[in-house]
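Structure, as C-alpha cells:
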Amino acid sequence: MGSFVSYLVSGLAFGCSFALLGSGFVAIHRVTRVVNFAQGTFAVVAGLAAGSLLGDGLPHGLAEVVAILVAGVVGLAIGVVAVGKRGTPTLASLVITLGLGILAYAVEIMIWGDQPSSYPMVRGSVHVAGATVQKQYFVVIGAAIVVFLALGLFFAKTYLGKALSACASNPYAARLVGIDPVRMGILAFALGGLLGGLAGVLVTPLQPVSFDSDVALATNGFAAAIFGGLNKPSAALVGGLVLGVVEAMVAGYVNASYQTEVALALMLAVMIWQARKRTSLTEEVA
Amino acid sequence: MWLGSLVGLVTLLAPLVLSRSNLTVYILLGTAAMATIGVSLLMGYAGQVSLGQAAFYAIGSYTAALIALHGGSTVLGLVCAPVVAGLLAAVVGVPILRLRGHYLAFATLAFHLILLAVVGQVAFFGGDIGLQGIPPLGIAGHQLVASRSYAWLTWAGVALCLLVTRNIIASRPGRAMRALSTSEIAAESSGVPVTRYKLTVFALSAGFAGLAGGVYAFFLGYIAPGSFPVLLSFQFVVMAVVGGLGTIWGPVLGAGVITILVQVLNDLGTRPGMPTHAAAVFSYAVYALLLVLVLLFLPRGLLPATADLIGRFRRGDSAAGPPGGVPGRGHDVPPRSRAPAPDH
Amino acid sequence: MLSVVDLVVEYGHATALDGVSLDIQPGEMVALVGPNGAGKSTLVNTLSGVLRPSAGSVRLDGRIAQVPEGRQLFPDLSVADNLRLGAWGSRRGRLASGRSRRDPSRVYDVLPELSSISAQLAGTLSGGQQQMVAVGRALMADPDLLAVDELSLGLAPIVVATLARHLQQLNAEHGTAVLLIEQNARLAFDLCERGYVLENGRITAQGPCAELAESPQVARAYLGGLVPGEEQA
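Residue numbers (our numbering), protein chains in the order written: chain A, 689 to 974; chain B, 84 to 427; chain C, 4 to 236.
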C-alpha cells in the first residue's frame, strides 16, 4: 500500500509536468498547425537557468519566475523563425523547430556546460497513507492545477484567448476580422515556452536536466498531447496523468528500465488508434 | 553527362590520395550519404518525414555484426544488413505509415528510441556495452583491412543506392510516388496504390540505411547503442534538406557539405586554447543554422539552388534532377489563405 | 467613400481582376453581379485588405467590413464570441472603451434574432442563422461600408428575404453603405439602386439597377435568358 501511494504520487507529479509540456504543444499546434519539436528545449532552458540563477544568489520564487520568462522569450524567438515568415509550409516549420532545438544545444553548452544539473526547491517529505513522499511532488501537482485552471480561464474568458481559439477554429475568418495569424502563432509559441519552462522549473529538482534531456521531455509531452489529438489542453492533462502514473507503476512494479519503452509504445498505440478513426481527408490538413 | 563521369572519377581516385584520418571521414561521409539518399527519397518522393533513419542504420549494423560474430560469412552479413532493415521497416511501416506529417515524424522517433532502449537491455545485442571484435569483411578469401578498400566499398554502395533511386524515380510507379508528396488524396483518387508505394519507399529507404550500417560495422569493428543516437537521425534529415529533397545528387551533396564543415570546425574546436566544449558547440550550431537557413531561404535545397545559378550563366544546361522541395511547397496560394476545412 | 481605379489582381500568372474601376457613395446600396469565377470574391478580398493588388488603387474613406462567401464563422465558438471577435480589427484608434465596443448587444438591436441564440455554438446553427451571425460579426466593426459576398447562397428564399430586409433597414436607419455581391442578379437589382456587372475580371456594364435589369445583354446572362418583353414572343 505504502509503495503504491508513493508510486501514484510521483506518477501524478511527473504526469503533471508531461501535461504542462503537452499543453504547450497543444497551444502552439492549435493556432499554427505546427508541432514544435523544440518543446523540450523550453523545459531544459528554464531548468538550467533556474539552477544557475539560484547559484548566483537569487531567492527562490524570483529565480524560478525569471527562468520561466526566459523560456517564454526563447519560445517567442523560435516562433519568429519557425512561423514568422508568411507562407512557410507547416512541414518546413516543423523541421525548423527541430533545427532550432539543435541550435539550443550549442547555446546551452556554451552557457551551462554539458553536465546534468539540479537544485532543491522544497526540501523534506511528508507521510501519506503509510508512504513517505517528497514535498516537491505536491508542489508540482499544485502548480499544475493552478496553471491549468488559469489556462482554461484564459481561453474561455479573455479576448486574447478567444482570438487564439478563433485562429485555431477558422484561420481564414480570423484574418477577415483582422486577427493576424502570424502574430498569434508567435504568441502561441511564447505561451508554449512559458508552459514548457514551468514544467522544467518544477521537474528539475526531481530529475536533473542536461542540454540533451529535451528529446525525452518532448516525447513524453507529445505523448500526453496526442490524447486529445493535439487540440485540447484538458485532454493533454488527462493524457499526461495517465502516462505519468503508468510509467511510475511500470518502474515500481516491473522494471525501471522499461519505463521509456512503455511510454513510447503507449504513444504509438494512441496515435495509430486515432489514425484509424480519422478519415484521410482531415489528415491531409495536418 | 560529363559532369557525372568527372564526379565518379574523382570519387574513385580520392582514396589513393587521402590521408588515413581523412579516409575515415571519407568513408563516414559515404555511409551518411547512403542513409541520406533514403531520407531524401522518403521525404521528397513520398512526402514523409522520418526521424528514425538511424534506427535502420543501427539495424543494418547489428545484423551484419551478429551474423559475423556467430560464425556466418561476413558477405552474408553485409547482404543481410539492408534486407533485414528493409523487412523490419516493412513490418513496422504497416501501422506507422497510417500516420502522416508530424505524427509520422514522432512515431519514427519513438521507434528509434524504443530500439535503442531494447538493444541496450538485451544481452544478445551486447547491451549498453555493444558488440566488439567484429571481423573485417572477407570477400572471396581476401580480407578487407585497409581503409582504402572500405572507401571503395562504401562508394560502390553509394553508387548502388543512387542507381536504384534513379531507376525508381524514372519508373511509372516513381512518377506516381511523386504525386504522393503533394497530395495523397489526389494520388489515391487517380488510382495509385498509395499504401503499397509508401511502404515500398519506406522499406527501400531503410534498406539503404541498413547497407550503410553494415559497411560501418565491418569498418569500425565495434558498435554500441551509443553509436546511433537520435541526433544521427536528425543529422540525416538535415543533410537531405540541405542538399535538396527529391533530387538524386542532393543527398550526396548535403552529406558532403555537412560532414566536411563539421570536420573542419571540429579540428578548429579542438585546437589548443579553444574552450572545452567548442567542438560540440560548433557542430550543433552548424547543423542547426544550415538547416534553418536553407529551409527559410533556399527551400528546395543547395543543389537545385546552385543548379539555378549555373543555369543562369549557361542557358539550357540542367545538372539538377527533377525539381524538388519541401512537401507542401509549390502551392501558389499558401494553404492558410484558402478557405479552411474545419478540422475535427 | 470608396473609389477603385484600374485595379489589377493576379494569382501567380493568372489575372483575376483586370483594370476594374468602381465607386460607392456614402449610404449607397450597390450591386455587383457576375457569373461564378468572374472575380467578385477577389474584388471583395482586395477591398478588405486580405489580398494585395498588383496595380491600381483603392481609396476608402471609412471602415469596411466583409461578410464573406460561405459565412466563415468560428464554428467552435459561441455566437456571442463570434460577434465579439468582429470588433478585433477596430481595437485601436477608437475612443469607445474596449468593453463596450466588444459588447454584442448593440448588434442585437439590428438583428434581434441573434440575442436568443447568443450562447449557442456557431457550428450548430442553420444556414440562415449562420448568415445572420456573419452579418452581425461584420457590423461589430462599425463599418461605414458593408461588403456582403453571396448573401443568398444556399439559403431558402424566405430566409433571404428576411436577411435582405435587415440590410435595407441597416442602410436606411444607420446610413451604412452596402456592396452586395451576388450571383443572384435579380435579388441584387431589387435591393440596390446602382450596379456593376463583372465578367472575366472586367466591368462589362454599369448603371442604375433598373436599367441593368432591362438590358438585354445582362438579362440574357443573369436573369434566366429571357429579356423582358420577349417572354411572349
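Note that CB positions come from ideal geometry on N, CA and C, so glycine has one too.
In the DSSP output, what is residue i paired with across the bridge?
{"i": "Met-126 of chain B", "result": "DSSP lists no partner for Met-126 of chain B."}
{"i": "Val-7 of chain C", "result": "C:Leu-25, C:Val-61"}
{"i": "Val-769 of chain A", "result": "Per DSSP, none; premise fails for Val-769 of chain A."}
{"i": "Leu-148 of chain C", "result": "C:Ile-67, C:Ala-180"}
{"i": "Gln-822 of chain A", "result": "A:Ser-813"}
{"i": "Leu-124 of chain C", "result": "C:Ser-81"}
{"i": "Arg-197 of chain C", "result": "C:Val-33, C:Pro-211"}
{"i": "Glu-13 of chain C", "result": "C:Thr-18"}
{"i": "Glu-205 of chain C", "result": "It is Arg, not Glu, that sits at residue 205 of chain C in the sequence shown. Answer is C:Glu-202, bridged to Arg-205 of chain C."}
Given this structure, state the Cα-to-Cα distance separating residue i from residue j, to the nearest angstrom.
{"i": "Ile-61 of chain B", "j": "Ala-707 of chain A", "result": "One cannot answer for residue 61 of chain B here, as it falls past the ends of chain B, which runs 84 to 427."}
{"i": "Gly-404 of chain B", "j": "Ile-393 of chain B", "result": "Confidence is the limiting factor: at Gly-404 of chain B the pLDDT is only 38, short of 50, which leaves the residue's position unreliable, though a coordinate-based value still follows. Cα-Cα distance, rounded: 14 angstroms."}
{"i": "Arg-105 of chain C", "j": "Thr-776 of chain A", "result": "33 angstroms"}
{"i": "Gly-209 of chain B", "j": "Ala-844 of chain A", "result": "54 angstroms"}
{"i": "Gly-178 of chain C", "j": "Val-33 of chain C", "result": "13 angstroms"}
{"i": "Leu-125 of chain B", "j": "Ala-286 of chain B", "result": "10 angstroms"}
{"i": "Phe-365 of chain B", "j": "Gln-318 of chain B", "result": "14 angstroms"}
{"i": "Val-973 of chain A", "j": "Ser-711 of chain A", "result": "With a pLDDT of only 43 at Val-973 of chain A, under the threshold of 50, the placement of this residue in the model should not be trusted, and no figure is reported."}
{"i": "Thr-353 of chain B", "j": "Arg-279 of chain B", "result": "48 angstroms"}
{"i": "Ile-914 of chain A", "j": "Gly-932 of chain A", "result": "14 angstroms"}
{"i": "Thr-970 of chain A", "j": "Thr-778 of chain A", "result": "Confidence in Thr-970 of chain A is poor, its pLDDT being 45 and thus under 50, which makes the residue's placement too unreliable to answer from."}
{"i": "Gly-767 of chain A", "j": "Gly-760 of chain A", "result": "10 angstroms"}
{"i": "Pro-423 of chain B", "j": "Tyr-941 of chain A", "result": "Confidence at Pro-423 of chain B is low in this model, with a pLDDT of 34, below 50, so the placement of that residue is unreliable and no value is reported for it."}
{"i": "Leu-86 of chain C", "j": "Ala-137 of chain C", "result": "8 angstroms"}
{"i": "Val-938 of chain A", "j": "Val-90 of chain B", "result": "54 angstroms"}
{"i": "Ala-832 of chain A", "j": "Gly-881 of chain A", "result": "15 angstroms"}
{"i": "Phe-877 of chain A", "j": "Ala-715 of chain A", "result": "8 angstroms"}
{"i": "Leu-92 of chain B", "j": "Arg-231 of chain B", "result": "15 angstroms"}
{"i": "Gly-928 of chain A", "j": "Leu-117 of chain C", "result": "40 angstroms"}
{"i": "Asp-868 of chain A", "j": "Arg-774 of chain A", "result": "11 angstroms"}
{"i": "Val-228 of chain B", "j": "Ala-906 of chain A", "result": "42 angstroms"}
{"i": "Ala-41 of chain C", "j": "Glu-31 of chain C", "result": "23 angstroms"}
{"i": "Leu-373 of chain B", "j": "Leu-791 of chain A", "result": "10 angstroms"}
{"i": "Val-753 of chain A", "j": "Ala-951 of chain A", "result": "30 angstroms"}
{"i": "Ala-58 of chain C", "j": "Ile-252 of chain B", "result": "42 angstroms"}
Could you tell me which chain C residues have their CB closer than 8 angstroms to the CB of residue i, listed as they occur along the chain?
{"i": "Ser-857 of chain A", "result": "Phe-77, Pro-78, Asp-79, Leu-80"}
{"i": "Lys-850 of chain A", "result": "Leu-80, Asp-84, Arg-87, Leu-88"}
For residue i versus residue j, is the C-beta spacing smaller than 7 angstroms?
{"i": "Gln-123 of chain C", "j": "Val-163 of chain C", "result": "no"}
{"i": "Gly-304 of chain B", "j": "Pro-165 of chain B", "result": "no"}
{"i": "Ala-300 of chain B", "j": "Ala-97 of chain B", "result": "no"}
{"i": "Met-322 of chain B", "j": "Ile-341 of chain B", "result": "yes"}
{"i": "Leu-466 of chain B", "j": "Leu-336 of chain B", "result": "Shown here, chain B extends from 84 to 427; a query on residue 466 of chain B therefore has no answer."}
{"i": "Ile-67 of chain C", "j": "Ser-51 of chain C", "result": "yes"}
{"i": "Leu-63 of chain C", "j": "Ile-184 of chain C", "result": "no"}
{"i": "Ile-142 of chain B", "j": "Gly-293 of chain B", "result": "yes"}
{"i": "Val-795 of chain A", "j": "Ser-781 of chain A", "result": "no"}
{"i": "Leu-736 of chain A", "j": "Gly-909 of chain A", "result": "no"}
{"i": "Gln-727 of chain A", "j": "Gly-885 of chain A", "result": "no"}
{"i": "Gly-829 of chain A", "j": "Leu-925 of chain A", "result": "According to the sequence provided, residue 829 of chain A is Ile. The question's Gly does not apply to it. Contact flag unset, no."}
In chain B, which residues lie with their C-beta within 7 angstroms of the C-beta of residue i?
{"i": "Val-723 of chain A", "result": "His-185"}
{"i": "Ile-766 of chain A", "result": "Result: empty, since nearest Cβ-Cβ is about 10 angstroms, beyond 7 angstroms."}
For a contact defined as C-beta to C-beta under 9 angstroms, what are the partners of residue i on chain A?
{"i": "Ile-197 of chain B", "result": "Thr-948, Glu-949, Leu-952, Ala-953, Leu-956"}
Quick one: which chain A residues come within Cβ less than 8 angstroms of residue i?
{"i": "Gly-157 of chain C", "result": "Under the 8 angstroms cutoff, chain A gives no residues; its nearest Cβ is about 17 angstroms from Gly-157 of chain C."}
Who are the neighbours of residue i on chain B, taking C-beta pairs under 9 angstroms?
{"i": "Ala-831 of chain A", "result": "Neighbours of Ala-831 of chain A on chain B: none; closest Cβ ~27 angstroms, over 9 angstroms."}
{"i": "Ala-963 of chain A", "result": "Pro-178, Arg-181, Leu-182, Arg-183, Tyr-186"}
{"i": "Gly-801 of chain A", "result": "Thr-359, His-360"}
Listing by chain order, which chain C residues have their CB less than 7 angstroms from the CB of residue i?
{"i": "Met-854 of chain A", "result": "With the sequence shown as reference, residue 854 of chain A is identified as Ala, and Met is not the correct amino acid for it. Within 7 angstroms Cβ-Cβ: Phe-77, Leu-80, Leu-88."}
Which residues of chain A have a Cβ atom closer than 7 angstroms to the Cβ of residue i, listed in chain order?
{"i": "Leu-385 of chain B", "result": "Near Leu-385 of chain B there are no residues of chain A at all, since even the closest Cβ is about 15 angstroms away, more than 7 angstroms."}
{"i": "Gln-204 of chain B", "result": "Ser-945"}
Heavy atom of the ligand HEM less than 6 angstroms from the Cβ of residue i, yes or no?
{"i": "Ala-707 of chain A", "result": "The ligand HEM is absent from the structure shown, which contains no ligands of any kind."}
Query raised in the report: For the region 901–916 of chain A, which residues have a CB atom closer than 7 angstroms to at least one CB atom of chain B, in sequence order?
Result: Of all residues in the region 901–916 of chain A, Val-903, Thr-907, Phe-910 have a Cβ within less than 7 angstroms of some Cβ in chain B.
**Report entry** chain A contacts made by the region 104–133 of chain C, where a contact means CB separation under 8 angstroms
**Finding:** Along the region 104–133 of chain C, the positions whose C-beta sits under 8 angstroms from a C-beta of chain A are Arg-105, read in chain order.
Query raised in the report: When Cβ atoms are compared, which residues of the region 173–186 of chain B fall closer than 9 angstroms to chain A?
Result: When CB distances to chain A are screened at a threshold of 9 angstroms, the residues of the region 173–186 of chain B falling below it are Pro-178, Ile-179, Arg-181, Leu-182, Arg-183, Gly-184, His-185, Tyr-186, in chain order.
Report task. Using a Cβ-Cβ cut-off of less than 8 angstroms, give me the residues of the region 860–873 of chain A that come near chain C, in sequence order. Result -> Cβ contacts with chain C come from Tyr-860, Ala-861, Ala-862, Arg-863, Leu-864, Val-865, Gly-866, Ile-867.
Query raised in the report: Quick one, which residues of the region 63–74 of chain C are near chain A if we go by CB-CB under 7 angstroms, in chain order?
Result: Residues of the region 63–74 of chain C whose Cβ lies closer than 7 angstroms to any Cβ of chain A, in chain order: Gln-69, Pro-71.
**Report entry** Chain-ordered residues of the region 770–794 of chain A with a beta carbon less than 9 angstroms from chain B
**Finding:** Listed in sequence order: Ala-770, Lys-773, Arg-774, Gly-775, Thr-776, Pro-777, Thr-778, Leu-779, Ala-780, Ser-781, Leu-782, Val-783, Ile-784, Leu-786, Gly-787, Leu-788, Gly-789, Ile-790, Leu-791, Ala-792, Tyr-793, Ala-794.
Report task. Closer than 9 angstroms, Cβ to Cβ, to anything on chain B: give me those residues from the region 739–750 of chain A, in chain order. Result -> Legend: CB atoms of the region 739–750 of chain A lying less than 9 angstroms from CB atoms of chain B are not found in any residue.
Requested in this report: Scan the region 290–302 of chain B for residues whose Cβ lies nearer than 8 angstroms to a Cβ of chain A and list them as they occur along the chain.
Outcome: Cβ contacts with chain A come from no residue of the region 290–302 of chain B.
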